[in-house]
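Student:
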Amino acid sequence: MEGSVHPEGSFEKIPPKVNWKDRKATDSACGILYLVALVAWLGLGFAMISQSVEIFEDDFTYTQEIKDLAADCCADIQTATAPDGVTYNSDGGLCSSDSDRRLDASGKLPEHLFDAFAMKPGIPTVMIMGCIVMSVVWILLLRTFAKTIVFTSEAVKVCAMLYLGVKVGAFWFILAGNYCVYVFCARKKLLFAAKIISHAATGLKENPQMFIALFIVKAVYVVQALLYIKFFEASVKVKTVELSIELTESYDTNADMVCTTGAEYSCAWEDWISEDSDVANNHCYEHDGYCDYPTISPGMVGVCDIVEPSWVSNGRAYIMLVWLWSVMFFTQFRLAIVACVIGSWHWHPDNKPSPMQALSTTATKSFGTVSYSGLICAMVEQFYKWAKLRWYHLVPPMLFVVGPLKITLCILGWCLKSCLQMLTKFSLVLHVFTGDTFFGSAKKCFGIMKRHFIGGFITEASSKNIMTIFAYVMAVAFCFSTWAWVDDEFDMKTIPGSTDDLWWILWTMLAAFCIYYPVLGLFFLVVLNGWMAEWSKAERDWDWEKKKEAKLWVPAFCATFVGCIVKLFFDYMGGIILDSIDVMFLCFAIDKDNNVDLSKSAFAAICVDIPGVITTANPLQEPKDPLLVAAPVQPGQFVAAAGTGVPQGQVQPFGMSQSGGVQMMPLGQPMMPLGQPMMPAMGLPVAMGQPMEMANMTPEQMQQQQMMFMQQQQMMQQQMMMQQQPQQATM
Numbered sequence: 018m019e020g021s022v023h024p025e026g027s028f029e030k031i032p033p034k035v036n037w038k039d040r041k042a043t044d045s046a047c048g049i050l051y052l053v054a055l056v057a058w059l060g061l062g063f064a065m066i067s068q069s070v071e072i073f074e075d076d077f078t079y080t081q082e083i084k085d086l087a088a089d090c091c092a093d094i095q096t097a098t099a100p101d102g103v104t105y106n107s108d109g110g111l112c113s114s115d116s117d118r119r120l121d122a123s124g125k126l127p128e129h130l131f132d133a134f135a136m137k138p139g140i141p142t143v144m145i146m147g148c149i150v151m152s153v154v155w156i157l158l159l160r161t162f163a164k165t166i167v168f169t170s171e172a173v174k175v176c177a178m179l180y181l182g183v184k185v186g187a188f189w190f191i192l193a194g195n196y197c198v199y200v201f202c203a204r205k206k207l208l209f210a211a212k213i214i215s216h217a218a219t220g221l222k223e224n225p226q227m228f229i230a231l232f233i234v235k236a237v238y239v240v241q242a243l244l245y246i247k248f249f250e251a252s253v254k255v256k257t258v259e260l261s262i263e264l265t266e267s268y269d270t271n272a273d274m275v276c277t278t279g280a281e282y283s284c285a286w287e288d289w290i291s292e293d294s295d296v297a298n299n300h301c302y303e304h305d306g307y308c309d310y311p312t313i314s315p316g317m318v319g320v321c322d323i324v325e326p327s328w329v330s331n332g333r334a335y336i337m338l339v340w341l342w343s344v345m346f347f348t349q350f351r352l353a354i355v356a357c358v359i360g361s362w363h364w365h366p367d368n369k370p371s372p373m374q375a376l377s378t379t380a381t382k383s384f385g386t387v388s389y390s391g392l393i394c395a396m397v398e399q400f401y402k403w404a405k406l407r408w409y410h411l412v413p414p415m416l417f418v419v420g421p422l423k424i425t426l427c428i429l430g431w432c433l434k435s436c437l438q439m440l441t442k443f444s445l446v447l448h449v450f451t452g453d454t455f456f457g458s459a460k461k462c463f464g465i466m467k468r469h470f471i472g473g474f475i476t477e478a479s480s481k482n483i484m485t486i487f488a489y490v491m492a493v494a495f496c497f498s499t500w501a502w503v504d505d506e507f508d509m510k511t512i513p514g515s516t517d518d519l520w521w522i523l524w525t526m527l528a529a530f531c532i533y534y535p536v537l538g539l540f541f542l543v544v545l546n547g548w549m550a551e552w553s554k555a556e557r558d559w560d561w562e563k564k565k566e567a568k569l570w571v572p573a574f575c576a577t578f579v580g581c582i583v584k585l586f587f588d589y590m591g592g593i594i595l596d597s598i599d600v601m602f603l604c605f606a607i608d609k610d611n612n613v614d615l616s617k618s619a620f621a622a623i624c625v626d627i628p629g630v631i632t633t634a635n636p637l638q639e640p641k642d643p644l645l646v647a648a649p650v651q652p653g654q655f656v657a658a659a660g661t662g663v664p665q666g667q668v669q670p671f672g673m674s675q676s677g678g679v680q681m682m683p684l685g686q687p688m689m690p691l692g693q694p695m696m697p698a699m700g701l702p703v704a705m706g707q708p709m710e711m712a713n714m715t716p717e718q719m720q721q722q723q724m725m726f727m728q729q730q731q732m733m734q735q736q737m738m739m740q741q742q743p744q745q746a747t748m
């Protein structure tokens with residue numbers, strides 16, 4: 018693949034080294050801001066834990082703390098003066114005579130997903146710890162047996178689907194079959210991805226101590242994730258008893274009852290039991306209605322009730338936002354450590370930092386820049402969440418009002434997310450190499466990416482897809498395992514395959530979306546969980562089965578939440594491999610800028626087969642450098658730029674001999690096919706044959722090769738004349 022032609026000019030070269038010793042702290046203001054936000058996050062979370070209260074005893078009676086708060090509120094309401102339009106009911110709410118009534122049932126139903134986790138803390142703990150162990154084992158095996166694990170991962174995905182097929186239903190068997198067909202059709206892409214992952218794993222195998230630092234960061238990440246869950250569990254328990262003003266309706270109990278379906282239908286009991294079929298069929302109950310007293314007028318009534326303090330909802334939003342920043346921070350922190358170690362190993366393996374030195378440098382000198390890049394990624398993620406198209410935007414009248422704007426913002430958000438996160442990622446890697454500030458590195462990084470990658474954008478989709486799909490399948494497996502566990506604990510039957518209720522289709526679609534976008538999914542799930550909890554509160558009947566029906570969404574939400582956390586953990590571990598690939602991309606570009614001989618670089622040979630890589634020599638050279646003549650490039654080959662007077666080699670594709678191809682050299686030096694001697698043993702030049710016509714060459718490449726062949730012939734003739742002149746002089 019050829020890139021665009023650039024005019025001759027100069028550019029600032031990045032030294033091919035990692036400046037991990039002599040560097041100053043950068044972007045300290047953003048680092049301080051993150052620390053302040055994190056301290057406030059911890060303070061708010063622990064404040065919620067300290068303010069949380071239990072509402073019910075084990076036997077479903079109110080706790081003594083709630084009773085004491087209710088007694089104070091009921092005493093106040095009896096002496097308080099109600100405002101205009103409001104009536105205080107000293108016998109309503111918690112002040113009623115049956116407020117301490119027991120349920121006949123022996124258990125307690127969860128109000129929402131965090132209430133379920135608070136009641137059964139073993140469910141999220143076991144599931145998350147299990148996923149941590151599995152993700153660590155997976156990445157360690159991938160480091161050593163890259164190609165084998167890639168195909169084993171595909172087999173694990175199929176087995177997971179088959180397992181779900183046995184537990185859930187035939188849908189997963191169909192999905193497993195389709196996925197097997199996909200694996201067969203995409204086997205070449207999988208082999209290429211395995212080759213890239215294998216090369217990235219080489220750097221990990223050569224630097225096994227790096228995992229010490231990465232696991233320390235992972236441990237901190239896990240602790241914060243557990244605190245995040247704990248803080249949310251506590252936030253839903255922050256309750257108090259206050260005077261709550263509710264909108265109520267007054268009924269005229271002296272009037273006759275009327276049918277809600279229509280006044281023409283009878284509400285008389287004798288009509289309902291009448292032997293006359295016409296009279297009985299005219300009753301309200303026969304027309305899907307019920308009888309009630311007519312409404313006089315709505316009114317406001319104040320009662321003592323359990324409410325959530327106003328500051329809790331704002332605090333919960335703050336916890337979510339800082340958690341989003343932290344997720345991106347740990348991702349960038351991991352990338353910085355990988356860049357420091359892999360970059361040093363690539364350029365100066367005898368002078369590379371130890372794991373603790375890389376961790377220390379990242380946590381001190383680079384802390385502000387890592388916080389900066391994490392904040393940018395978090396803002397991009399939040400904008401993408403806000404701009405995302407929802408189903409109701411396609412329903413009139415929203416379709417005509419908000420629909421076009423949302424569609425435009427959705428496309429713009431996707432493009433911005435991909436481009437900005439890619440540039441942020443490579444800018445951070447360049448910061449690790451040079452020690453510059455974030456924006457200083459971003460400016461240099463943009464120039465490097467434009468010179469060596471078409472459109473200034475590069476990503477290796479096949480290896481990324483393998484990591485993403487494996488993480489997704491494992492998260493789905495944990496999701497449905499959690500779903501079955503919660504069903505069993507609360508005696509519900511909501512998992513697909515165990516019920517005829519079609520609500521499971523909606524919950525499965527919700528889980529699939531949230532797990533695929535775990536960060537956005539957690540935000541959306543928490544908000545939707547609050548809405549569903551408020552909606553289900555309308556069912557206050559003491560009948561156990563009715564309350565259970567109103568809570569059938571809780572197991573699906575618990576499972577989806579665990580699935581999102583598992584996806585984040587597997588993405589974090591798989592990101593170690595992807596980070597190594599990204600670091601090698603930038604090392605490859607910097608080597609080209611510095612005219613490093615890439616003839617023996619296995620990664621350079623792989624790079625030329627990736628779409629978007631400019632495989633010609635450096636498009637820009639400094640004036641003092643000799644003008645390089647671009648040699649034709651076969652698919653699968655990379656022609657390296659040459660240094661001053663130093664002939665450079667050619668990266669040979671895997672499985673091909675080195676007898677063919679044209680070597681690129683500075684103008685003024687002979688250019689010959691590789692493997693053909695320039696002079697025979699007698700010392701006389703040998704006439705060169707016709708230029709080789711390579712497969713898949715464009716007409717422009719053929720013409721260029723012919724011109725180079727003519728230049729070679731002219732240089733050969735000049736050399737022959739220069740060699741013959743001394744011989745004639747001696748004769």
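The opening residue of the sequence shown carries number 18 in my numbering; numbering runs sequentially from there. Backbone N, C-alpha and C fix where the C-beta goes; we use that ideal spot for every residue, glycine too. Please read all numbers here as calculations on a predicted model, not as lab measurements.
#1: At a cut of 8 Å, does the segment 170 to 179 reach the segment 482 to 489 through at least three beta carbon pairs?
#2: Below 8 Å on the Cβ atoms is my guess for Ala-375 versus Ala-230; work out the distance and round it to an integer in Å.
#3: Restricting to Cα atoms, I'd like to know which of Ala-395, Phe-586, Cys-308 is closest to Ser-283.
#4: In the DSSP assignment, what residue or residues form a beta bridge with Asp-367?
#5: Note the first and the last residue of the continuous alpha helix (DSSP H) segment covering Lys-461.
#6: Which residue comes first and which comes last in the alpha helix (DSSP H) that contains His-304?
#7: Short of 7 Å in beta carbon distance, which residues of its chain neighbour Lys-212, apart from the five on each side in sequence? Order them along the chain.
#8: Pick out whichever of Val-387, Ala-353, Ser-390, Ala-619 has its Cα sitting closest to the Cα of Pro-372.
#9: Measure the C-alpha to C-alpha separation of Val-339 and Met-345 and round it to an integer number of angstroms.
#10: Can you tell which of Asp-626, Ser-444, Pro-535, Cys-496 has its C-alpha closest to the C-alpha of Asp-596?
#11: Which residue marks the beginning of the alpha helix (DSSP H) containing Pro-572, and which one marks its end?
#12: Within the same chain, show all residues whose beta-carbon is closer than 7 Å to that of His-365, passing over the 5 residues directly before and after it, in chain order.
#13: Buried or exposed: which applies to Gly-147, given that a residue is buried once 16 or more other Cβ atoms fall within 10 Å of its Cβ?
#14: Between which residues of its own chain and Leu-158 is the CB-CB distance below 6 Å, once the five residues before and five after are set aside?
#15: Give the straight-line distance between the Cα atoms of His-469 and Val-600, rounded to the nearest whole angstrom.
#16: Roughly how many whole angstroms lie between the Cα atoms of Lys-30 and Met-337?
#17: How many Å lie between Ser-390 and Ala-459 at the Cα?
#18: In this structure, does DSSP put Phe-228 in helix, strand or coil?
#19: First and last residue of the alpha helix (DSSP H) that includes Ile-213?
#20: Within the same chain, show all residues whose beta-carbon is closer than 7 Å to that of Gly-124, passing over the 5 residues directly before and after it, in chain order.
#21: Work out the CA separation of Leu-126 and Trp-559 for me, nearest whole Å.
#22: Measure the CB-CB distance between Val-579 and Thr-485 and report whether it falls below 8 Å.
#23: If we count the other Cβ atoms within 10 Å of its Cβ and call it buried at 16 or more, is Trp-502 buried or exposed?
#24: Could you say which of Asp-614, Val-536, Asp-608, Thr-525 lies nearest to Ala-576 if we only look at CA atoms?
#25: How far does the alpha helix (DSSP H) with Arg-3 in it reach, from first residue to last?
#26: Skipping 5 residues on each side, what residues in its chain have a beta carbon closer than 7 Å to that of Ile-72?
#27: Per DSSP, which one or two residues make a beta bridge with Asp-751?
#28: Look at Lys-205 and Ser-69 and say whether their C-beta atoms are less than 8 Å apart.
#29: Do Arg-351 and Ile-594 count as a contact pair if the criterion is CB distance below 8 Å?
#30: If you compare alpha carbons, which of Asp-44, Ile-483, Asp-505 is closest to Ser-170?
#31: What separation, rounded to the nearest whole angstrom, lies between the Cα atoms of Lys-641 and Lys-467?
#32: Report the rounded CA-to-CA distance for Glu-223 versus Val-240, giving the unit in angstroms.
#33: Which residue's Cα is closest to the Cα of Tyr-533: Trp-552, Leu-585, Asp-504?
#34: If you draw a straight line from the alpha carbon of Gly-507 to that of Met-136, how long is it in whole angstroms?
#35: Apart from the five residues on each side of it in sequence, which residues of its chain come closer than 6 Å, Cβ to Cβ, to Ala-42?
#36: Measuring only the C-alpha atoms, how far is Leu-61 from Phe-384?
Tutor: According to the structure data:
#1: yes
#2: Taking a contact as a CB-CB distance under 8 Å, the pair Ala-375 and Ala-230 counts as one, their CB atoms being some 6 Å apart.
#3: Cys-308
#4: According to DSSP, Asp-367 bridges with nothing at all.
#5: 455 to 469
#6: Taken as a continuous stretch (DSSP letters only), His-304 belongs to no alpha helix (DSSP H), as it is neither H nor E.
#7: Ile-623
#8: The shortest C-alpha separation from Pro-372 is found at Ala-353.
#9: 10 Å
#10: Ser-444
#11: 571 to 610
#12: Lys-34
#13: exposed
#14: Ile-166
#15: 14 Å
#16: 41 Å
#17: 10 Å
#18: If DSSP states are grouped into helix, strand and coil, Phe-228 belongs with the helices.
#19: 204 to 223
#20: At Gly-124 the pLDDT is 48, less than 50, meaning the model places this residue with poor confidence; the figure from the coordinates comes in the next sentence. Here the set comprises nothing.
#21: Bear in mind that a pLDDT of 45 at Trp-559, under 50, signals an unreliable position, so the model cannot answer this.
#22: no
#23: Classification for Trp-502: buried.
#24: Comparing Cα positions, the closest option is Thr-525.
#25: This structure leaves residue 3 out entirely; the chain is present only between 18 and 748.
#26: Tyr-79, Thr-80, Ile-83, Lys-256, Ile-323
#27: Absent from the structure is residue 751, since the part of the chain shown begins at 18 and ends at 748.
#28: Going by beta carbons, Lys-205 and Ser-69 fall outside the 8 Å limit.
#29: At the C-beta level, Ile-594 and Arg-351 stay beyond 8 Å of one another.
#30: Looking at Asp-44, Ile-483, Asp-505, the one whose alpha-carbon comes closest to that of Ser-170 is Ile-483.
#31: The predicted model places Lys-641 with a pLDDT of 38, which falls under 50 and marks its position as unreliable; any figure quoted below should be read in that light. Rounded to whole angstroms, Lys-641 to Lys-467 spans 22 Å at the Cα level.
#32: 29 Å
#33: Leu-585
#34: The sequence shown places Phe at residue 507, rather than the Gly named in the question. When only Cα atoms are considered, Phe-507 and Met-136 end up about 10 Å apart.
#35: Taken in chain order, the residues that qualify are Lys-382.
#36: 23 Å
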